[in-house]
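Novice: Under the working numbering, the first residue of the sequence shown carries the number 90, and numbering increases by one thereafter.
Built from N, CA and C at the ideal position, the CB exists for glycine as well.
I am attaching a structure below and will ask some questions about it afterwards.
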Amino acid sequence: MARLRALQEQYRERPITRAVLLDLIRSRLVLNDLCNQIDPIEASIRRRMRELETEWRQMKKLEARMLAEKERVGTIVERVKDPYAPVDMREMSFHNSPALSK
């Protein structure tokens, strides 16, 4: 960008000749080439960011399920420690786990 500004300043002081126009065209071609190289890289970065955001959301959902399962198991363990506490056997079943049903 600084080079472009320097070129603009330089051409303001000089009369526009064929050489000046060719130099401007070459500069523009270089800029276009750089943009063409940057666009696919930027698209790739954006795509990877979307993938990472999706993975992060999935991990958060899994974390929430794991915490719910940990709490459920903790409740069952507390009830087992007290043999006289009423226990719902459906809660004791591993197959009825809310974390597994999702």
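(1) Is L141 closer than 8 Å to S116 when the C-beta atoms are compared?
(2) Please classify M138: does DSSP put it in a helix, a strand, or coil?
(3) Run through DSSP, which three-state label would R148 get?
(4) Do you know offhand how far E131's Cα is from G163's?
(5) Consult DSSP for T106 and reduce its assignment to one of helix, strand or coil.
Specialist: Short version:
(1) The Cβ atoms of S116 and L141 do not sit closer than 8 Å to each other.
(2) In the structure shown, M138 sits in a helix (DSSP, three-state: H, G or I).
(3) Before going further, note that residue 148 is Met rather than Arg in the sequence given. Reduced to three states, the DSSP call for M148 is helix.
(4) Roughly 47 Å separates the two Cα atoms.
(5) In the three-state reduction of the DSSP assignment, T106 falls in the coil class, being assigned neither a helical nor a strand state.
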